[in-house]
Structures are given as C-alpha cells and as structure tokens.
Amino acid sequence: MSTLESELLEHPFLAGLDPTLAARLASLTQRVEFPAGAWIARVGMPADQFLMVTDGRAGIEIAAADMNPLIVTTVHPGEVLGWSWFVEPHEWQFDVVALSELTALAIDAKELLRACAADDELGYQIGTRLIRVVASRLGAARYQLMDVYGSAR
Amino acid sequence: MNAIQLDPQGGLDALVELLLADGFRVVGPVVTGGVIAYDDLSSGDDLPTGWAVEQAPGRWRMHETGDQTRFGYTPGAASWKQYVFPAHQEVLRIRRTDGSFAVTRPPAPERPFAFIGVRDCEVTALEVLDRVQLDPDYPDPRYAERRRDAFIVAVTCAVPSATCWCTSMDGGPVPQHGFDLLLTELNDSDGHRLLAESGTDRGAELLARLPGSLATPLDRSAAVAVGAADTDILAPKLSGKELPTLLAGTELHPHWEEVADRCLACSNCTMVCPTCFCSTFTDHPELEPDVASRTQEWASCFQLDHSNLGGRPVRASVSARYRQWLTHKLATWTEQFGTSGCVGCGRCTTWCPAGIDIVQETLALIGPAADRDNTDRDITDRDITDRASDHRDSGHRASDHRASDHRDSGGPGTA
Amino acid sequence: MAVLARTPAEVGLDPLQPEPYEVVARVVETADVVTLTLEPRGRQLADVEPGQFVMLWGFGVGEIPISVSGLGPNGAINLTVRNVGAVSASVVNCELGALLGVRGPFGTAWPVAEATGLDAVVVAGGLGLAPLRLAIDALVASASLTSSRVTLIIGSREPAQLLYPEHLQRWIDAGVNVVVTVDAADRTWTGAVGTATALIERLAEPHQIAFVCGPEIMMTTAARALIASGTPADHVYLSLERNMHCAIGHCGRCQLGPLILCRDGAVVRWSDVGDLMEVRQR
Numbered sequence: 005m006s007t008l009e010s011e012l013l014e015h016p017f018l019a020g021l022d023p024t025l026a027a028r029l030a031s032l033t034q035r036v037e038f039p040a041g042a043w044i045a046r047v048g049m050p051a052d053q054f055l056m057v058t059d060g061r062a063g064i065e066i067a068a069a070d071m072n073p074l075i076v077t078t079v080h081p082g083e084v085l086g087w088s089w090f091v092e093p094h095e096w097q098f099d100v101v102a103l104s105e106l107t108a109l110a111i112d113a114k115e116l117l118r119a120c121a122a123d124d125e126l127g128y129q130i131g132t133r134l135i136r137v138v139a140s141r142l143g144a145a146r147y148q149l150m151d152v153y154g155s156a157r
Numbered sequence: 009m010n011a012i013q014l015d016p017q018g019g020l021d022a023l024v025e026l027l028l029a030d031g032f033r034v035v036g037p038v039v040t041g042g043v044i045a046y047d048d049l050s051s052g053d054d055l056p057t058g059w060a061v062e063q064a065p066g067r068w069r070m071h072e073t074g075d076q077t078r079f080g081y082t083p084g085a086a087s088w089k090q091y092v093f094p095a096h097q098e099v100l101r102i103r104r105t106d107g108s109f110a111v112t113r114p115p116a117p118e119r120p121f122a123f124i125g126v127r128d129c130e131v132t133a134l135e136v137l138d139r140v141q142l143d144p145d146y147p148d149p150r151y152a153e154r155r156r157d158a159f160i161v162a163v164t165c166a167v168p169s170a171t172c173w174c175t176s177m178d179g180g181p182v183p184q185h186g187f188d189l190l191l192t193e194l195n196d197s198d199g200h201r202l203l204a205e206s207g208t209d210r211g212a213e214l215l216a217r218l219p220g221s222l223a224t225p226l227d228r229s230a231a232v233a234v235g236a237a238d239t240d241i242l243a244p245k246l247s248g249k250e251l252p253t254l255l256a257g258t259e260l261h262p263h264w265e266e267v268a269d270r271c272l273a274c275s276n277c278t279m280v281c282p283t284c285f286c287s288t289f290t291d292h293p294e295l296e297p298d299v300a301s302r303t304q305e306w307a308s309c310f311q312l313d314h315s316n317l318g319g320r321p322v323r324a325s326v327s328a329r330y331r332q333w334l335t336h337k338l339a340t341w342t343e344q345f346g347t348s349g350c351v352g353c354g355r356c357t358t359w360c361p362a363g364i365d366i367v368q369e370t371l372a373l374i375g376p377a378a379d380r381d382n383t384d385r386d387i388t389d390r391d392i393t394d395r396a397s398d399h400r401d402s403g404h405r406a407s408d409h410r411a412s413d414h415r416d417s418g419g420p421g422t423a
Numbered sequence: 002m003a004v005l006a007r008t009p010a011e012v013g014l015d016p017l018q019p020e021p022y023e024v025v026a027r028v029v030e031t032a033d034v035v036t037l038t039l040e041p042r043g044r045q046l047a048d049v050e051p052g053q054f055v056m057l058w059g060f061g062v063g064e065i066p067i068s069v070s071g072l073g074p075n076g077a078i079n080l081t082v083r084n085v086g087a088v089s090a091s092v093v094n095c096e097l098g099a100l101l102g103v104r105g106p107f108g109t110a111w112p113v114a115e116a117t118g119l120d121a122v123v124v125a126g127g128l129g130l131a132p133l134r135l136a137i138d139a140l141v142a143s144a145s146l147t148s149s150r151v152t153l154i155i156g157s158r159e160p161a162q163l164l165y166p167e168h169l170q171r172w173i174d175a176g177v178n179v180v181v182t183v184d185a186a187d188r189t190w191t192g193a194v195g196t197a198t199a200l201i202e203r204l205a206e207p208h209q210i211a212f213v214c215g216p217e218i219m220m221t222t223a224a225r226a227l228i229a230s231g232t233p234a235d236h237v238y239l240s241l242e243r244n245m246h247c248a249i250g251h252c253g254r255c256q257l258g259p260l261i262l263c264r265d266g267a268v269v270r271w272s273d274v275g276d277l278m279e280v281r282q283r
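Quick note, the sequences are listed as chains A, B and C, same order.
First residue of the first sequence? That's 5 in the working numbering, and the numbers climb one at a time after it.
First residue of the second sequence? That's 9 in the working numbering, and the numbers climb one at a time after it.
First residue of the third sequence? That's 2 in the working numbering, and the numbers climb one at a time after it.
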C-alpha cells in the first residue's frame, strides 16, 4: 500500500473505505501545502480539487463591500474542503483562506466525479460521506444563525 | 375521643364564645355578598342558617332552605388558605443605614386562629400547604406564625356537590384527622342536633366546657351513617394515587390543545384552589429615603409572565400552562412534596368561567379505566416512554414557532 | 393535633431576608457584562459550593438569581451579571461602596467530588462560564493530584465576548486543554469558528464526566454530542435556569416537570432533564 493510500485511509473522511477504492483514489491524489494567509479557494472559481485537510487550519470567509470579512467556519485536520466540486456548477461557493500553514490531500475533482459516476459503490461511499459533512455544516449554521450567546430577542 | 351532643343554636353560640374567651381569632363561614365566604365571627349567630348550595362546572348558586340546618351547604370560592397565606402581604421592610440593613417584619398575629366549619378536604388542604410552606429546609416564618396553634373545628360534609371528588383523592365526608373538634349535624327522628367529638387534648378540654349532653352510641352510628351515605353519592371517579404514573408521558397528548381552546387562562382555578401556593415577590422603594419593602402576592401558573426567563415566558401557550397546572396539581406535586396537590374539593371546576372540569379533562388524558389495565402493576419507564411515543405518533405537534425562543442568557449565573 | 410545632423562634432566620454586601470591586467584562466583588457587611453567607447561586437584591428594585463565580478573602464573592433587565441594570451600574442585598447560597452544586480522578470535560457557552469557574478550579486542583485530564470547551459569540481571559490563561498553565470556538471572527482570531457542539465532535473523546452550562439550545446539542462521543448520559451535568423568584422552593415559578430548580437544580443530570427540556411549551 502506498503512503498516499494509507494516508487517505487514515483520514476520518474516508474511514472504513474499501482499500481497493482507496487505491484508485490514491492515483488521483497529491499532497498540497498552503502558506498561512494563502487563498485556498475563491468564490466563483472552478472547484477542481477536493481537499482533505491533514494539518493546519482553514477559514471559510464571507466578505462584502459593506461589512468586514467574517470567518464563519474553521476547518481542521480530519475535516474536508468542500462539497462544491460534487454538484453543478462545480464552482467554489465561499472564499477559503489558510489561517496557518496548511497541508491537505487534494483529489482531482473532475476525475473523482467521473470515477464516482462510473462506479456505484465509490459514488455511494463518497456521496454519503459528503452528505454527512453538509448536514453537520448546515446544523452548525442553523445554530450559529440563532446567535444563542447574544442578548435574548 | 370524647363525644357530646349539642343544641345547634346554643352549642355553636357557646363554641364561638369559648374560643373568643380563650384568645382565638374565630373565623368561620358567613353569608356575605350573595355567597358563603369566611370571615371573623363574634357569635354563633354569624354562621349561616338554612342555606343550601348547588354547584356544577362554572356554576355556584345558593338558596334558602327554610329550615334551621347549619352546615347544609358546600363551601364557596373562599378557602382557609387566605388566613395562613394571605393573598397579599408585606414580608419585609428594610432600612439601609450606614453599612447595614435594619430589617423588620410585620408583627405576628396577636391571636391564633380558630377555624370553624372546616371540611375534610379543607383540613387536608391545610396539611398540603404546610408541607410546602413549612418544609424543613426553609420554613416560612410568616406562615408559621399564622398557622401556629390554629384550632380546627371540622365538620362532617353532609351535602356533597356535583363538583366534589374528594373520595377520588383519598378523602371523604368525615374528617379522620387534623382537627381539634369535629361536628356532625344530625337531623332525624331524634331531632336536630350537633354531635361534637374531640380530636386533641385541647379539643377534649373545650368539649368539656360546652353545654351538651353525653352522646349515646346511637348518635355516633348516626354520624357515621351520614358520612357513609355521602360516600355512596361520591363514588370515586378515578384513583388519585395513580395519577402521577398515569399522567407521566402525556406531554404531547392532543387533549392539552383541546382544553386550551376552552381555557381562558384567567387563573380563577388557581386563586380558588386551597393548596395553590405560587406567588410573586415585588420590591418597592418607599417614599421615606433609604427604606424599601417587599411584598408577596398570590400568583398563578396561568399568568404569562409566571415562567419568565430572560424577559419572556417559558410556557407561552395556554396548552403548556394548563398542562403545567394540571400535571403539577395531580402528578408532579407528589414527587415534590410527598402528597398530591389536589384534595378533590372541586373549586377549580365550579369557579371556572368556561366550566372546565378537572376530572373530565384528566379522564380524557389518561383514558377510560377499562383501557388502562394497570391498576395493580408497576409502571416502568419503558411504559411511560411507550405512552409518550404513542402520543407523538398521534400526529399532534405543538405550534411551530422559532426554536430560538428557547434561548436564555445562560444558566442561573446570568441574570 | 393540628398544631404546628415550630415557633417563629425555632424557624430561625428568615430565608427571604437579604444580607448587606458591599461592592468592593467592579470589572467590566464585555459591553453588557460586569463582574462584581461583594464583601459581607453583616452576616456572612454559608460556604458556597461550585455551581450554587445567590439571590442578588438591588435595593428596592428586586432580586435576580446569580451563580457565584468566585470566592475571595473576607467572605468576598464574585458575581458576573449581564445587564438585561431592571434589577440587573441597577446592579451592573452600581458604584463602588454601594450596598446590595445577598441571600443564599441556594441549589445543587457541580459534583466535583464525583469527578475526582475522572477524565472531565467542561463545556461553557457565553456567560455559562461564570457558574463553572469554581468547578473548573476544583477540577484543576484534583487533576493535579490524580493526573486526570481536564478539557475546557468554550463557545462564545465573538472573541471580544470571551469572559475571564486571565483565568483562561491560568487554566492553560495548569494543564487544562482549553479550546475556544466563536460564532464568527476575523483573521486575527486563532481559535475555531463554529459551534461548541462541532468542537465536541472534532475532539471525539469519550470523557467520563461532563459539566455543561450555557444557552439551553447549546446545552442540549452539546449533551447529545458528548453522549455520542461516549460520555455516559448520567454523567452529563447541566446548570438550568428558570424563573427563580424565591430560591427556597415556595413560589412555584422555577418548575421543570417534577423539578423545582432552585432546590433540585440548578445543577442537574442530563438523564433526568433531557426529556423534560424537549417538551415544547410554545
């Protein structure tokens, strides 16, 4: 088993995946590094990589002309960026910045999508894991929206 | 227990006179403002004569009978609670001096109370209230002062009303305990008379001074018959002891919403209840500089602000407030204070302007006895969970407001 | 005999009577939160256990329940108060030397003895850190003796709203694993952004005992996440607030099902209250 293969299987996102599927993913994967402050993704740009963070910290950031840029979620080792690659229009929906030096396993999103479409089992495995991420982010967003620590309204 | 028989007129006159002479503040039922209420007595004449009462959900009417019956009615809205736990009282007055507080309390009553005409449900109600106000950890000194040495002249309840349900709540027409004297009014072939029995040493001591003749065994059996006859009228409608178990897990029952459609959330039931103890404290700065007072008033779990947290009510819907009242009264009270909060007096039903009947609502929640089949078996947590999920499955959902309403400012440390 | 045994003298102290406490220090924590240090000028309160609360009286205004967040010399107590109503405004804005009324302490305490030797996690949301401060100190003290681990998870609205930075540093220095998350931040923030629940899921550690205090929504989601991570449901403790009006179980306003929270709380087990907290009341 290659180092990349075992790293992929050690990442919580792929925990429990059939090693033969991991071997196929390894051929689409490369290790990437971002210095602190670097853009990992920009809103509207093609989401051509699926990033599984192994070290460092990323921030999902929202900015507009009439407000200061605001980080709404941080992404930590063992978590992923993101799910935009999986669905049309395959563009990043948020800005993502490296808040520290960050390393990740980057899977070629176009190839992964093609592989998922061709292999029901792989598609199912990746799809359910992504849904888990989306559900967790959506739940957190709902609770954050409530501003529970603010004064009662 | 000593027993004598008294002439209804002369006996009651003497009773009130002796209690007054012994230094009691004598209180009993009087006819005033078209109802029977409780007030200070200066003689036995102040007690009603020849009145009967008709009660039904949302209805209380009294009428003259034309005879000399002294206790032929059921009580009105008033209860003895108002004497031991006044509806409004100053609890403290604090003067802020240089670096300290000078605290004063309104003086204790000069005379202990003597309550005349206390029904079995009312004796029990006082005992229920005692458990709350005189709990071992924080006995309320004001309540203790008012309750202390209260002389209880109980009376056998000769004429139960349609809203009475004391036999469902472990009570009955004949008080068994908690009195100094017990009066039973008899009117049969042997004539109109009161049988008086003592329940305490001081009751016996007073009995010895009353102008009566020794009661015969026949009188005693006649008195017991009065109670027994009424017990037949008052067949238990449900088993109060089982209610904590039967009501557990009914939180999502659709019937709460059904009652809420009729309930006005007016608080009448809690105000007339002889055991409801909820109250509110209010602080007032006095006109005099550096003096503040605190008052206590009866409150009700039907008031919107009763459950306020962070400036908004926890129990906002009427169904939630009705559920709080009924389940507290009939179920959770037992866990809190060791007795049911209900004595079955029926006041809440009689004085409900919407005629909501606590017994009927309870039966609707727990279902008919035939469907229950758990009279003698222990209910497990599993059963309760199952029952709760049954109600959930019934499709009922509370109104769908934003979940953010649940937010508070973060534990008791957070104002 | 229907005679009550207790005379007023036997009843003793009036449980409704506040004792005079002088404001000797006042620290502004955030825009609307102040921590007061109060010293007794009359009778001193009985010993306060971590998590217990007092009734704080603004002279002639009213009373509010406040958990004791710290203890000091000369019988001093620390109370952290958010300015949200008439009473809290009068208390938060009072000057040094002002005389406030205090009675208590009331209610249950965090089971710090039960936590001795256990891997403990403390989850604090917003002002929920205040009722936990004494408990964290106690856990730190016992952890140093038993080499057990203490984790502190803090959720806050934003970095500027974080309470007690000097205590946080003290706990970090004492070996507590302090992790902080906020609802939103700019890039100067070095902690996490997201919910406390997300942090619990990220740590994914089966703590043996948990103390949780914060907004009710945060407590329920945190409790579920802790249990999912392996903490036993009867070892998850919460501090609940309701309308504590008298604090002595007589006014009926702080009920939650069978619980009278001024007496049976504020600290309760999740396994005893979780179902009750989920019943819709509106």
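For every residue, glycine included, the Cβ atom is placed at its ideal position computed from N, Cα and C.
### Query
What do you get for residue 147(B), buried or exposed, if any count of 16 or more other CB atoms within 10 angstroms of its CB means buried?
buried
### Task
Can you tell me the Cβ-Cβ gap for residue 263(C) and residue 107(C), rounded? I've got them flagged as a contact below 8 Å.
6 Å
#### Entry: Contacting residues, own chain, Cβ-Cβ under 6 Å from residue 326(B) (five flanking each side not counted)
268, 271 and 273
### Query
What are the residues of the stretch 134 to 160 of chain C that lie near chain A, defined by any Cβ-Cβ distance shorter than 9 Å?
156, 157, 158 and 159
### Query
For residue 135(A), does the count of other Cβ atoms within 10 angstroms reach 16, so buried, or fall short, so exposed?
exposed
### Query
What residues in the stretch 104 to 125 of chain B bring their beta carbon closer than 8 Å to a beta carbon of chain C?
104, 107, 108, 109, 111, 113 and 116
### Query
Could you give the residue range of the beta strand (DSSP E) that holds residue 63(B)?
59 to 64
### Query
Would you call the stretch 317 to 333 of chain B and the stretch 242 to 249 of chain C touching, i.e. three or more CB-CB distances under 8 Å?
yes
### Query
Is it the case that the Cβ atoms of residue 130(C) and residue 101(C) are separated by a distance below 8 Å?
no
### Task
Please report how far the alpha carbon of residue 270(C) lies from the alpha carbon of residue 104(B), in whole angstroms.
41 Å
### Query
Alpha carbon to alpha carbon, what distance is there between residue 67(A) and residue 89(A)?
21 Å
### Query
Does the distance from the CB of residue 104(C) to the CB of residue 33(C) come in under 8 Å?
no
### Message
Please report the straight-line C-alpha distance between residue 149(A) and residue 127(B), rounded to a whole angstrom.
### Response
58 Å
### Message
Would residue 316(B) pass as an interface residue toward chain C - the criterion being a Cβ-Cβ separation below 8 Å?
### Response
yes
#### Entry: 9 Å Cβ cut-off: residues of chain C touching residue 180(B)
Near residue 180(B) there are no residues of chain C at all, since even the closest Cβ is about 18 Å away, more than 9 Å.
### the stretch 36 to 45 of chain A touching the stretch 88 to 105 of chain A, judged by at least three CB pairs closer than 8 Å
yes
### Message
Considering Cα atoms alone, identify which of 294(B), 246(B) and 304(B) is closest to residue 286(B).
### Response
304(B)
### Message
I need the DSSP call for residue 150(A), collapsed to helix, strand or coil.
### Response
coil
### Message
Between which residues of its own chain and residue 51(C) is the CB-CB distance below 7 Å, once the five residues before and five after are set aside?
### Response
110, 111, 113, 135, 136 and 139
### Task
Count the other C-beta atoms from every protein chain shown that fall within 10 angstroms of the C-beta of residue 215(C), then say buried if there are 16 or more, exposed otherwise.
buried
### Query
Going along the chain, which residues of its own chain have a beta-carbon closer than 6 Å to the beta-carbon of residue 49(B), five neighbours each way excluded?
24, 34 and 36
### Query
Curious, which full-length alpha helix (DSSP H) runs of at least 4 residues does the stretch 172 to 241 of chain C contain?
197 to 204 and 217 to 229
### Query
Terminal residues of the continuous alpha helix (DSSP H) containing residue 287(B)?
Run containing residue 287(B): none in the alpha helix (DSSP H); it sits in the beta strand (DSSP E), 287 to 293.
### Message
Using the three-state DSSP reduction, which class does residue 106(C) fall into: helix, strand or coil?
### Response
strand
### Query
On the three-state DSSP scale, how would you describe residue 254(C)?
coil
### Task
Would you verify that the beta carbon of residue 81(C) is, or is not, closer than 8 Å to some beta carbon of chain A?
no
### Query
Does the Cβ-Cβ distance between residue 57(A) and residue 106(A) come in under 8 Å?
yes
#### Entry: Own chain partners of residue 27(B) with C-beta closer than 7 Å, once the 5 adjacent residues on each side are dropped
34, 122 and 159
### Message
Rounding to the nearest angstrom, what Cα-Cα distance links residue 70(B) and residue 250(B) in this structure?
### Response
34 Å
### Task
For chain C, find out if any of its Cβ atoms is closer than 8 Å to the Cβ of residue 206(B); answer yes or no.
no
#### Entry: Beta carbon proximity, residue 84(A) to chain C, threshold 8 Å
no
### Query
Within the 8 Å Cβ cut-off, does residue 284(C) reach chain A?
The structure shown has nothing for residue 284(C), since chain C only spans 2 to 283.
#### Entry: residue 103(A) to residue 63(C) span [Cα, whole Å]
48 Å
### Query
What residues are listed by DSSP as bridge partners for residue 22(C)?
41(C) and 101(C)
### Message
Let me confirm a value: residue 173(C) is counted as buried when at least 16 other C-beta atoms fall within 10 Å, else exposed. Which label applies?
### Response
exposed
### Query
residue 247(C) versus chain B: which residues are under 7 Å apart at the beta carbon?
289
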